[in-house]
Amino acid sequence: MVKCKVLYHHGTLQRSSAHFNNQAAEVTMKFESILEETDGFGRYQIALVLLMYIPRIPIPCHFLLNNFIAAIPSHHCNISSLGSEGIFGNLTQEERLTVSIPVQDDGTPASCHMFSYPQFHLLSNFSSPSEVAVVQCQNGWEYDNSTFISTLATQFDLVCEKRGLAKASATIFFVGVMAGAVFFGVLCDKYGRRSMLLVSYVSSIVFSVVSAFSSNYIMFAAFRFLTGFALTGIINISFVLSIEWVDTKHRTFIGVFGSISWSLGNMLLAGFAYLVTDWRMLIITVTSPLLLATAIWWWIPESARWLIANGKAETAYKYLQKCATFNKRRDFTSRVKLEALSTVMTVEQQGHSYTYLDLFKTPQLRRLTLFTGVVWYGVASTYYGISLNITSFGLDLYLTHFIYAAIEVPAKILIYFSLNKVGRRITQTGTLVLTGFCILINIITPTEYWMFRTVIAVLGKGLSEASFTTVFLYTTELYPTVMRQNGVGYASFMARLGASISPLIMLLEDTWKLLPEVIFCTVAIFSGLIAWLLPETNNERLPETIEDIEEMRKKPINFTTEDQSNIPLKLPICADTTQ
Numbered sequence: 143m144v145k146c147k148v149l150y151h152h153g154t155l156q157r158s159s160a161h162f163n164n165q166a167a168e169v170t171m172k173f174e175s176i177l178e179e180t181d182g183f184g185r186y187q188i189a190l191v192l193l194m195y196i197p198r199i200p201i202p203c204h205f206l207l208n209n210f211i212a213a214i215p216s217h218h219c220n221i222s223s224l225g226s227e228g229i230f231g232n233l234t235q236e237e238r239l240t241v242s243i244p245v246q247d248d249g250t251p252a253s254c255h256m257f258s259y260p261q262f263h264l265l266s267n268f269s270s271p272s273e274v275a276v277v278q279c280q281n282g283w284e285y286d287n288s289t290f291i292s293t294l295a296t297q298f299d300l301v302c303e304k305r306g307l308a309k310a311s312a313t314i315f316f317v318g319v320m321a322g323a324v325f326f327g328v329l330c331d332k333y334g335r336r337s338m339l340l341v342s343y344v345s346s347i348v349f350s351v352v353s354a355f356s357s358n359y360i361m362f363a364a365f366r367f368l369t370g371f372a373l374t375g376i377i378n379i380s381f382v383l384s385i386e387w388v389d390t391k392h393r394t395f396i397g398v399f400g401s402i403s404w405s406l407g408n409m410l411l412a413g414f415a416y417l418v419t420d421w422r423m424l425i426i427t428v429t430s431p432l433l434l435a436t437a438i439w440w441w442i443p444e445s446a447r448w449l450i451a452n453g454k455a456e457t458a459y460k461y462l463q464k465c466a467t468f469n470k471r472r473d474f475t476s477r478v479k480l481e482a483l484s485t486v487m488t489v490e491q492q493g494h495s496y497t498y499l500d501l502f503k504t505p506q507l508r509r510l511t512l513f514t515g516v517v518w519y520g521v522a523s524t525y526y527g528i529s530l531n532i533t534s535f536g537l538d539l540y541l542t543h544f545i546y547a548a549i550e551v552p553a554k555i556l557i558y559f560s561l562n563k564v565g566r567r568i569t570q571t572g573t574l575v576l577t578g579f580c581i582l583i584n585i586i587t588p589t590e591y592w593m594f595r596t597v598i599a600v601l602g603k604g605l606s607e608a609s610f611t612t613v614f615l616y617t618t619e620l621y622p623t624v625m626r627q628n629g630v631g632y633a634s635f636m637a638r639l640g641a642s643i644s645p646l647i648m649l650l651e652d653t654w655k656l657l658p659e660v661i662f663c664t665v666a667i668f669s670g671l672i673a674w675l676l677p678e679t680n681n682e683r684l685p686e687t688i689e690d691i692e693e694m695r696k697k698p699i700n701f702t703t704e705d706q707s708n709i710p711l712k713l714p715i716c717a718d719t720t721q
């Protein structure tokens, strides 16, 4: 702990950094010591984490649902407007298409154009004269239903000039996620985690079901936005509850273990989509686990830390007693008295109230904020750029999605060990740059080498997942305790911005087929190089105040594991921690 006296100014406020830090450490450790008396990682905590898995399963399903509900199957113009059944006589379906629809360069019928009148001479001469009049589809489209019974594209005719609306639905969803992060971030601190979790469950179910029965695209887009808005509450609160009931030394493990629920839900999505090929029923199917989550909500405890911070020590004591009993710590009531909880406070209750503007007021913190924003944008943009592009390898849609999801599990396990051995900065830079090079290799590799390209794509997907796992832990260690919630909240906003823009970038393939991959490659490598400019945080004292960032980052201080145990890590309360 820094012993020098450093004064900082926010209006008329001046404070001793040493006094504030010592007080914060004493207060934070006091609650941790009480939690230890209940066994900070016993059966109660394990049961809670497992219960939180149920509502977290639908999250990746909804985030990547557009791979299936917005898929655009093969299609061509409805040729019924060219004449009655008698005009075509005994022609087969293939012959009818030949005389009605021009052929593309690859030999398949055009998707968006048709002849203005039947060209019967093409039955004997397959060359299409340039002077033949070609018009846009006059009477809708006919779709190939062999893979999907129904998608957004087939339901609302989101093809040809409206093709972009199918991908735009993903952007609309992620904008809802951004808005929900702000809304639930404020309310879960004000009204508690447990009550807002129930609000998230119920609203997610309602909005999802209504979106599934939308009668037009505008209605679907509106309720898809609200679905993303509501799901954010589940994302934030389930993570926070898990973290706030677990002792400090197991938080990293719980963070990585909890993130595996994302990969599990992602793999299940491939199975759900394979079995349910109607977009309306698929939305209902992936939302259905929330019904079970709502039923078991009664077993979910409120955060004892939040209750104490809001003056509800008696209720917090009851939850702590229940936790101790479940963990077979029967001497808890004799070792910890109710009166002891009244002295426990949190860092938020003391001193200056910080805002997002404080992230940009001082030079080093401003530099840190700008760099982490770029890195988070790059991580999310690359991850979703790869995840939402599973049709470019000529493989089975469901198998590709499953492989992309499965590779995330070993990536998470390996990164858990890499972070401690190699360090945060090298791991973050390495995973992003290597992801970019994987995309680059696929850009320059001919499409006929599909097996090699698929292996490289899967490797790139694993690396992009590793970069996502790294960046959250890295960011929580970079920002000071007094600004950590705001810092991670800002970074999460940049991530959602990257995720929102990724589907729109993929529309640029109409301009040049490789342009989206070139953009994602450039973003990944550039953000990886920016990550190299961030300070290393492995085995370094965690910053407590803004002054620590301005001064201590210039002179890094190493510490031992024993020293680290005495430094409190204030995790963000309701930051968006999912991918």
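Each number in the working numbering comes from the position in the sequence shown (counting from 1) with 142 added on. Note that beta-carbon positions come from the ideal geometry of N, C-alpha and C, so glycine has one too. Keep in mind that this is a model prediction, so the values were computed, not measured.
{"Check": "Beta carbon of A364 nearer than 9 angstroms to that of G520", "Outcome": "no"}
{"Check": "Extent of the continuous beta strand (DSSP E) to which C219 belongs", "Outcome": "217-219"}
{"Check": "Cα-Cα separation, S346 to L373", "Outcome": "6 angstroms"}
{"Check": "Best match in I314, T589, S430, I583 for proximity to V344 [C-alpha to C-alpha]", "Outcome": "S430"}
{"Check": "P215 beta carbon less than 9 angstroms from that of T293", "Outcome": "yes"}
{"Check": "Buried versus exposed call for N378 [16 or more other C-beta atoms within 10 Å across all chains shown]", "Outcome": "buried"}
{"Check": "N-terminal and C-terminal residue of the beta strand (DSSP E) that W518 is part of", "Outcome": "No beta strand (DSSP E) holds W518; the alpha helix (DSSP H) holding it covers 505-529."}
{"Check": "Coarse secondary structure for P443, derived from DSSP in three states", "Outcome": "coil"}
{"Check": "Beta-carbon proximity check, L507 vs I672, cutoff 9 angstroms", "Outcome": "no"}
{"Check": "Under 9 angstroms between C-beta atoms of H204 and F325", "Outcome": "no"}
{"Check": "Chain-order list of residues whose beta-carbon lies under 8 angstroms from that of L424 (same chain, five-residue window excluded)", "Outcome": "L207, F210, I211, F414, A415, V418"}
{"Check": "As assigned by DSSP and simplified to three states, the class of F183", "Outcome": "coil"}
{"Check": "Outcome for A451 when other beta-carbon atoms lying within 10 angstroms are tallied against a minimum of 16", "Outcome": "buried"}
{"Check": "Where S739 sits in the DSSP three-state scheme", "Outcome": "The requested residue 739 does not occur in the structure, where the chain is confined to residues 143 to 721."}
{"Check": "Residue ranges of each alpha helix (DSSP H) within the stretch 581-619, 4 or longer", "Outcome": "none"}
{"Check": "Separation of T180 from G572, as counted between CA atoms", "Outcome": "40 angstroms"}
{"Check": "Counterpart residues of S292 in DSSP-defined beta bridges", "Outcome": "D420"}
{"Check": "Contact belief for W448 with G334 at Cβ below 8 angstroms, rounded distance in angstroms", "Outcome": "6 angstroms"}
{"Check": "Identified DSSP bridge partners for F502", "Outcome": "The partner list for F502 (beta bridge, DSSP) is empty, contrary to what the question assumes."}
{"Check": "Contact belief for R434 with I196 at Cβ below 8 angstroms, rounded distance in angstroms", "Outcome": "Note that residue 434 is Leu in the sequence shown here, rather than Arg. So it is a contact: roughly 6 angstroms between Cβ atoms."}
{"Check": "Cβ-based burial, M256 [other Cβ within 10 Å; buried from 16]", "Outcome": "buried"}
{"Check": "Option in I585, W421, T369 with minimal Cα separation from V317", "Outcome": "T369"}
{"Check": "Burial state of I699, where buried means 16 or more other Cβ atoms lie within 10 Å", "Outcome": "Residue confidence is low: I699 scores 40 on pLDDT, short of 50, so the model does not pin down where it sits. Its coordinate-derived value is still stated next. Answer is exposed; the Cβ neighbour count stays below 16."}
{"Check": "Residue range of the unbroken beta strand (DSSP E) whose run includes Q278", "Outcome": "276-278"}
{"Check": "Whole-angstrom distance between F513 and A166, CA atom to CA atom", "Outcome": "In this prediction, A166 has a pLDDT of 38, which is less than 50 and means its spatial position is unreliable; nothing more can be read from the coordinates."}
{"Check": "Per-residue burial, D500 [other beta carbons within 10 Å of its own, 16 or more giving buried]", "Outcome": "buried"}
{"Check": "Exposed unless 16 or more other CB atoms sit within 10 angstroms - verdict on G249", "Outcome": "exposed"}
{"Check": "Where the alpha helix (DSSP H) through E481 begins and ends", "Outcome": "480-483"}
{"Check": "Nearest candidate by alpha-carbon position, reference E284, set V274, Q297, V276, V277", "Outcome": "Q297"}
{"Check": "M648, buried or exposed, once every other Cβ within 10 Å from all chains shown has been counted against 16", "Outcome": "buried"}
{"Check": "Short Cβ contact (9 angstroms threshold) for T240 with L224", "Outcome": "no"}
{"Check": "Exposure label - E659; buried when at least 16 CB within 10 Å", "Outcome": "buried"}
{"Check": "Top-ranked residue by Cα proximity to I426, from Y496, A354, R366", "Outcome": "A354"}
{"Check": "Separation of A608 from I545, as counted between CA atoms", "Outcome": "15 angstroms"}
{"Check": "Y747 - DSSP class collapsed to helix/strand/coil", "Outcome": "Only positions 143 to 721 of the chain appear in this structure, which leaves residue 747 out of reach."}
{"Check": "Endpoints, beta strand (DSSP E) assigned at M648", "Outcome": "Careful: M648 lies outside any beta strand (DSSP E) and carries neither H nor E."}
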